[in-house]
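Be aware that the sequence shown starts at 523, since it is given in the working numbering, and climbs by one per residue.
C-beta: ideal position from N, C-alpha, C; glycine also.
Here the structure is a predicted model, which means the values were calculated and not measured.
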Amino acid sequence: MKKTVIIILAFCVTHIFPQSSDNSGFAILKFGNSARDMAMSDFGAVGNVDLANVYYNPAQLSSLKTPQLFFSHNSWIQDVSSQNIAGSSSLYGIPFAVQVNNTMINDIEVRVKPGEVQSKFDARYFSASFSTSARIYNNLFAGATFKYLYENILSDESSGYALDFGFAYNEIVPNLNLGMSVRNIGSVTALRTQSADLPTDFRVGASYNFYFEKISSSVNLISGIQKYLPETDLHFHIAAEYSYDETVFLRFGYVTGFESRNISFGLGFSWIGARLDYAYIPFDFYLGNSNTISLLYNF
Numbered sequence: 523m524k525k526t527v528i529i530i531l532a533f534c535v536t537h538i539f540p541q542s543s544d545n546s547g548f549a550i551l552k553f554g555n556s557a558r559d560m561a562m563s564d565f566g567a568v569g570n571v572d573l574a575n576v577y578y579n580p581a582q583l584s585s586l587k588t589p590q591l592f593f594s595h596n597s598w599i600q601d602v603s604s605q606n607i608a609g610s611s612s613l614y615g616i617p618f619a620v621q622v623n624n625t626m627i628n629d630i631e632v633r634v635k636p637g638e639v640q641s642k643f644d645a646r647y648f649s650a651s652f653s654t655s656a657r658i659y660n661n662l663f664a665g666a667t668f669k670y671l672y673e674n675i676l677s678d679e680s681s682g683y684a685l686d687f688g689f690a691y692n693e694i695v696p697n698l699n700l701g702m703s704v705r706n707i708g709s710v711t712a713l714r715t716q717s718a719d720l721p722t723d724f725r726v727g728a729s730y731n732f733y734f735e736k737i738s739s740s741v742n743l744i745s746g747i748q749k750y751l752p753e754t755d756l757h758f759h760i761a762a763e764y765s766y767d768e769t770v771f772l773r774f775g776y777v778t779g780f781e782s783r784n785i786s787f788g789l790g791f792s793w794i795g796a797r798l799d800y801a802y803i804p805f806d807f808y809l810g811n812s813n814t815i816s817l818l819y820n821f
């Protein structure tokens, strides 16, 4: 019975965030963490320079001008909820960031036959990470993230380690930025008898900023390509963010190649060093919707 429940959970999460590999595990690593990025197609490897983007591309860490704190709550479909908390600073001129994620699927019902529920249990996924970055040359930066991963389903556990690395080339020409990252390179122990590979993914993209000073506005456009390894399909991302006076933000995103989702929306408000963001992602197949709220504070 335990093995059946584990297989069902793995199938459900993988169907929501598809990957062609039949042996992929820790699909929770495909979740986004920032309302701003999730509203903009959940790409994140380039374009939005803040602490939340270190999750997608650790090279962005070198571009942070002040220490930051970040918190987010994701209310996903099918009673999946995820919380992230992160902080960044520097020591002897070396920037660093730490982040903790806790994701739960609550009240999963267990039945041995049609009829009454025999029992309920929760599935838990946890990760903790440390990131750092450095300037390579002029506006070219490199970064890395080291992660500890853990999951618990019923009485079965799995854990392991993973590495992310990325590059960011800012202002390659005025207002044009490039970014590239490879995430989730590593391994985990088998969950009961089910071994799994991590959902390693490659992202590369560009962003361009348009400024309209007469109306105190700007538009940030992002496009990129994402590929899960060793999947053959590519996911194409496009996104836009409109900003008025760096205070009010409207966002839109679109991504291809996922069966259950493609568009995303969001908005944000910034005031005295704090920014509050919200993202909405509708899902097909009667799966429901995703709602994410996040708070970023600059010291």
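Sorted by chain position, which residues of the same chain lie with C-beta nearer than 8 Å to residue i's C-beta, five sequence neighbours on each side aside?
i           : result
residue 767 : 738 and 739
residue 806 : 781, 782 and 783
residue 642 : 629, 630, 631 and 632
residue 537 : Confidence at residue 537 is low in this model, with a pLDDT of 44, below 50, so its placement is unreliable and no value can be given for it.
residue 639 : 631, 632 and 633
residue 553 : 539, 596, 598, 604 and 625
residue 557 : 594, 788, 790, 799, 800, 801, 814, 815 and 816
residue 585 : 571, 663, 690 and 692
residue 615 : none
So what does DSSP say about residue i, is it helix, strand or coil?
i           : result
residue 565 : coil
residue 823 : The structure shown does not extend to residue 823, since the chain spans only 523 to 821, so no value can be given for it.
residue 818 : strand
residue 745 : strand
residue 584 : helix
residue 737 : helix
residue 559 : helix
residue 549 : helix
residue 632 : strand
residue 780 : coil
residue 609 : strand
residue 621 : strand
residue 638 : coil
residue 589 : coil
residue 682 : strand
residue 700 : strand
residue 663 : strand
residue 693 : strand
residue 790 : strand
residue 767 : coil
residue 677 : coil
residue 714 : coil
residue 727 : strand
residue 804 : strand
residue 754 : coil
residue 654 : strand
I believe residue i touches residue j by the beta-carbon criterion, under 8 Å. Please report the beta-carbon distance rounded to the nearest angstrom.
i           : j           : result
residue 688 : residue 580 : 5 Å
residue 710 : residue 548 : 6 Å
residue 758 : residue 777 : 7 Å
residue 775 : residue 756 : In fact, because the Cβ distance is near 16 Å, the residues do not count as touching under 8 Å.
residue 818 : residue 590 : 6 Å
residue 594 : residue 815 : 7 Å
residue 690 : residue 663 : 5 Å
residue 655 : residue 583 : 4 Å
residue 506 : residue 676 : Because the chain here runs from 523 to 821, residue 506 falls outside it and cannot be looked at.
What does the Cβ neighbour count give for residue i, buried or exposed, with the cut at 16 atoms within 10 Å?
i           : result
residue 748 : buried
residue 617 : buried
residue 812 : buried
residue 754 : exposed
residue 576 : buried
residue 746 : buried
residue 657 : exposed
residue 592 : buried
residue 695 : exposed
residue 601 : exposed
residue 659 : exposed
residue 613 : exposed
residue 559 : buried
residue 645 : buried
residue 665 : buried
residue 794 : exposed
residue 718 : buried
Starting from the C-beta of residue i, find all residues in its chain whose C-beta is less than 7 Å away, skip the five residues before and the five after it, and write them out in chain order.
i           : result
residue 707 : 684, 685 and 722
residue 681 : 671, 672, 710 and 711
residue 770 : 791
residue 551 : 706, 720 and 721
residue 611 : 589 and 618
Examine chain C for any beta-carbon lying closer than 7 Å to the beta-carbon of residue i, and answer yes or no.
i           : result
residue 726 : In the structure shown, chain C does not exist; there is a single protein chain.
Excluding the five sequence neighbours on either side, which residues of its own chain have a C-beta within less than 6 Å of the C-beta of residue i, listed in chain order?
i           : result
residue 741 : 732 and 764
residue 598 : 812
residue 772 : 764 and 789
residue 698 : 730
residue 762 : 743 and 774
residue 760 : 745 and 776
residue 674 : 646
Could you say if the segment 643-659 and the segment 608-625 meet the contact criterion of at least three C-beta pairs nearer than 8 Å? yes
Segment contact, 8 Å Cβ cut-off, at least three pairs: the segment 560-568 with the segment 786-804: yes
Below 8 Å, can you find three or more Cβ-Cβ pairs linking the segment 717-733 to the segment 596-616? no
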